[in-house]
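Enquirer:
Numbering (this note's numbering), first residue to last: 11 to 125.
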């Protein structure tokens, strides 16, 4: 079925920007809602942004700073993160929204924001 592979994480200063990429297997339809999740130490994994055909959603703390997008021609999903804050520090993952068809979690990509 193919794996989800995240990349683009790095160490960045507060106020900086990063763009994360997610390689989406061809077996996941362009019509399938997908999202970016993050998990910081001691916390549960949380959904921060999702995209479906014609619609997007953002968790309140990232709204206005993060932008999710998907390039179906390249089988890639992105998360543009601007004005990063130390509280954004986490491992970021991509996956399908619907738990019934969710794929195995990838390794994620580490984002560290220094103050």
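Here a beta-carbon is modelled for each residue, glycine too, at the ideal position from N, C-alpha and C.
Assuming residue 14 and residue 91 are in contact, meaning their beta carbons sit under 8 Å apart, how far apart are those beta carbons, in whole angstroms?
Expert: Actually they are not in contact, since the Cβ atoms of residue 14 and residue 91 sit about 18 Å apart, beyond 8 Å.
Enquirer: Identify whether residue 111 lies in helix, strand or coil by the three-state DSSP scheme.
Expert: The answer is helix: DSSP assigns residue 111 an H, G or I state.
Enquirer: Less than 8 Å separating the beta-carbons of residue 95 and residue 121?
Expert: Their beta carbons are not under 8 Å apart, which means residue 95 does not touch residue 121 by this criterion.
Enquirer: Is DSSP giving residue 105 helix, strand or coil here?
Expert: strand
Enquirer: Residue range of the beta strand (DSSP E) that residue 61 falls in?
Expert: First-last of the beta strand (DSSP E) with residue 61: 56-62.
Enquirer: Helix, strand or coil: how does DSSP classify residue 93 here?
Expert: Assignment of residue 93 by DSSP, reduced to helix, strand and coil, places it in the coil class.
Enquirer: Can you tell me which residues form a DSSP beta bridge with residue 24?
Expert: DSSP, once it has assigned bridges, lists no residue as partnering residue 24.
Enquirer: Over the uninterrupted beta strand (DSSP E) stretch that includes residue 78, give me the two end residues.
Expert: 76-81
Enquirer: Output yes or no for whether 8 Å exceeds the beta carbon distance between residue 78 and residue 49.
Expert: no
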